[in-house]
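Sequence positions in the sequence shown follow mature numbering (1 follows the signal peptide of the UniProt record, and there is no 0) and run -27 to -1, 1 to 706.
Structure record follows, encoded as structure tokens.
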Amino acid sequence: MDSELSVVLVIRLLFFNFLLLWELGNGAKVNNGTTNIKANGDNTTIGALTDAEARTLRLLFKSLQSKNTTQLPLSYPICSTNMDAEIRCSCDNTKNRSACWVTAINLASKMLDGFIHSSLSLFKNLRVLDLSSNFLTGSIPPSLTTLQSLRILNLADNNLDGTIPLNLSGLQSLRYLDLSRNKLTGPIPDSISVCQYLNIIILRLNFLNGTIPEALGTLSSLNILDLYSNSLSGHIPVDLGELSVLQFLNLDDNNLDGELPEELGNLVNLQHLYLTANKLTGRIPETFDKLIHLETFAVGGNYLSGQMPSYIGNWVNLTKLILIGNNFEGNLPAETFSLPKLQRLLVSDVSNPGISFPKREVIPESLIYLVLRNCEINGSIPEYIGKWPELSYLDLSFNNLSGGVPESFQKLNKLFLTSNELTKLPSWITKKPKPSSYPKADLSYNNFNVKCTTENCSGLAAVNILPTRSFIDNMKTEKCYRKHNSLFINCGGEELNVGKDHYHNDTSTSSFNLSPSDDWAYSFSGDYLWATGNAITLVRNSTCKDCTPETKIDNDFRLAPVSLMYYGLCLHKGKYIVTLHFSETLYSKGEDHSITGKRVFDVYIQGRLVKKDLNLKEIPELQNEVRKLKFPAKINEGSLEIKLFWAGKGSLYNPPGINGPLIEAISVTRGRKLLFLFIFQKTTSLGNRVDYNRLSFVSDVVVGVLLENGLDRRQKIAQWALSKAIKNRELAT
């Protein structure tokens, strides 16, 4: 999860800066003469703490632990004036007897599995409450919102549920709020506008819904707003454009729609802007040209359109530019490749006329990761790309590139050139002896003139050439020993029978596989953006012993990072129904927050786009049935082609980061046949009353066959003849 990790690191860096400034601003004045405090259960001696706070502290310790956990491990003295103390106290020695009170509770990562007791509100001087990275359950007590001295509230990384307390009016002093990685639901309260000193709000990885409150725009001190991976909907409030000191804004992986507000261009101090995996439309506003301090601009996985703005080339501080999975047109500004700090550039699915490489040789100083997929790039690949000093990952797949693979690409770590028109392989692939250093490469679906019949025919284990375009053409036209009227595949699972239908085994993890019966094949290509590709990210085969065949099909599935192709071979000529079985099995869990993820891809049948931007969670689901989609298909030459293609829409790095197509099963049938029986009296003379159009009956029964989803020529003739015979029979009687 490289991208999410980098986001977290940025947040922590900004937080530590804030914390340091806050501590310095408070003078960090403490009294080192505080009485030592010992924890001995109910007989605890709490030194000079007030009786009320002593009782509350004992109650807190008890509630934070379940009956099954050992005593809370705390250092001694338990209540100390040291700045790094777990329970920090302040004291007033102006009287004869020292009076102390609790000002900070720092119990992060203590394996606590109890709940937060409402009596915490009795710590009237509490300034810091950090219970993060534990296993606490239950809800957030509304009484916490009465802690008027509280500056830092960190309850992140627990199992808290319920809603955020609606009335936050008592938290006027709050600077830092982190409730991330819990199971919180409901809206973000409008009352958050009372917390005018807030610098940091982190609510990522919850299940919050409703709209983003306009009241957030009144928090003039806000530096960080992180709402990543929730279920927030509606438009992005224009009021956020009032946050003049905002440096970090993350709205990734929600259900936000509408256009990007022009007012966001007023955030001139913004350094990181994450808006991926929403439903945003329209163009990138011209006002964004003022965001010259941007280091991250991520808007992938949306429905943005229009030209990619030329001012992107002026964002000289940019390190990450993520435009993948939109509907942009035109070319990238040539200056983009020369941005001095740019490390990651991800663009896909650009048209009219598409992207072209810079005409003059450019040498990006920092570019490590480059994706220009499905961007209608034409011509040959410039040799200079392989000479870029830091480049290690290159994806130019699904374009119209011709010529050869540059020799300079040998130094890369990963290379994806699948689905182009390339004809020449580099010497580090063709010559012997084979090199010891070369990239993991997918060069499939090109025009290389190689006699390739196995996945590793290049002689390099990590270089995939098969299938070439000619291999696929030959496979489709290969003479069949036996043709079929149906095909059933249990994608990702073992062979099994469902009623009379026999589903083929599909558990191979090779990038291309031709079935042992030679009547179907599959191939996949691409790479996951953030997850590591391995067997578990390609197929999932359930192992339950008592499962019915139907349940097995529902639990088995095949995945692919970008493109997944299935070929039905040796099928009779005619019209068929292709039924695709789906179920969102991965983006479905609450415990890892993947349930908020969106899997969106396109479906092609026989090369024709039949379903664009298919969101698996939006497919209607009948009771006790998996999600199914049916498509008509016509087969003329004996082969069927099914293509599932991820065009970058939906979630990019929602846990577990496994985006791309997913399918459970495929069934291809000629449709339900309806039999009509017509019984006629056997005779050699039908009389003079009726003209049977010279129909000659040689049996008592004439059978007509009607195909539910379409008629070929012979069936249409039979239908016409039968209807004519019925009419004439009625006249004869």
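We treat Cβ as the ideally placed atom computed from N, Cα and C, and that holds for glycine.
Are residue i and residue j close, meaning C-beta to C-beta below 8 angstroms?
i	j	result
K525	G465	no
R600	F530	no
M538	Y495	yes
S206	T184	yes
V167	L133	no
L385	P412	yes
C348	V378	no
G541	V641	yes
L95	L123	no
F221	S204	no
I78	V101	yes
N182	L219	no
L139	P162	yes
Q316	L340	yes
S459	R643	yes
P457	E468	Residue identity check: residue 457 is His in the sequence provided, not Pro. No, these two residues do not count as a Cβ contact at 8 angstroms.
L176	S194	no
M281	F310	no
L157	G135	yes
F389	D565	no
Return the first residue and the last residue of the alpha helix (DSSP H) that residue i is part of.
i	result
R28	24 to 36
K449	442 to 450
P522	522 to 528
Go to residue i, then tell me how far its beta strand (DSSP E) extends in each direction, as first and last residue.
i	result
S400	No beta strand (DSSP E) contains S400, which is instead part of the alpha helix (DSSP H) from 400 to 403.
T76	72 to 79
E232	228 to 232
R256	Careful: R256 lies outside any beta strand (DSSP E) and carries neither H nor E.
E302	300 to 302
E614	613 to 618
residue 711	The structure shown does not extend to residue 711, since the chain spans only -27 to 706, so no value can be given for it.
K548	547 to 555
L605	Note that residue 605 is Pro in the sequence shown, not Leu. Taken as a continuous stretch (DSSP letters only), the beta strand (DSSP E) holding P605 covers 600 to 608.
I60	60 to 65
F485	485 to 487
C464	460 to 464
M538	536 to 541
Q280	276 to 280
G432	It is not in any beta strand (DSSP E) - G432 carries neither H nor E in the DSSP assignment.
I639	638 to 642
I509	No beta strand (DSSP E) holds I509; DSSP gives it neither H nor E.
Between the options, which lies nearest to residue i when the distance is taken from Cα to Cα?
i	options	result
S53	C73, E637, L104	C73
L617	N632, I608, E610	N632
K97	Q38, F34, E26	E26
D212	N239, H266, G376	N239
T505	E591, K83, H457, P628	P628
K473	D491, E523, F497, W503	E523
L178	K607, T569, T642, N609	T569
R148	T136, I173, L128	I173
A533	F421, L502, Y454	L502
S483	A435, S311, A58	A435
G286	F261, G298, G274	F261
G87	L219, L589, V75, T110	T110
L233	N299, R256, V241, V218	R256
residue 719	S339, L267, T391	The first residue shown for the chain is -27 and the last is 706, placing residue 719 beyond what the model contains.
D586	C64, Y276, W361	Y276
D151	L439, A129, L318	A129
L22	L246, I51, P634	I51
G359	N372, V289, E338, E564	E338
K607	G580, D368, W361	G580
With residue i and residue j assumed to form a contact (beta carbons below 8 angstroms), what rounded beta-carbon distance in angstroms separates them?
i	j	result
S91	P114	4 angstroms
S329	N304	6 angstroms
L104	I125	Contact flag wrong, Cβ pair sits at about 11 angstroms.
L296	V335	Contact flag wrong, Cβ pair sits at about 19 angstroms.
S624	K571	5 angstroms
G327	G298	Not a contact, Cβ separation roughly 16 angstroms.
G376	S400	In fact, because the Cβ distance is near 15 angstroms, the residues do not count as touching under 8 angstroms.
D415	A620	At roughly 18 angstroms, the Cβ-Cβ gap does not stay under 8 angstroms, so D415 and A620 are not in contact.
N419	N393	6 angstroms
T403	S370	Contact flag wrong, Cβ pair sits at about 21 angstroms.
K562	D575	Not confirmed; about 25 angstroms, so no contact.
Is it the case that the region 607 to 624 contacts the region 540 to 559, given that we only count it when at least three CB pairs across the two stretches are under 8 angstroms? Under the Cβ criterion (8 angstroms, minimum of three pairs), the region 540 to 559 counts as touching the region 607 to 624.
Counting pairs of Cβ atoms below 8 angstroms between the region 249 to 257 and the region 217 to 228, do you hit three or more? Contact holds: three or more Cβ-Cβ distances are below 8 angstroms.
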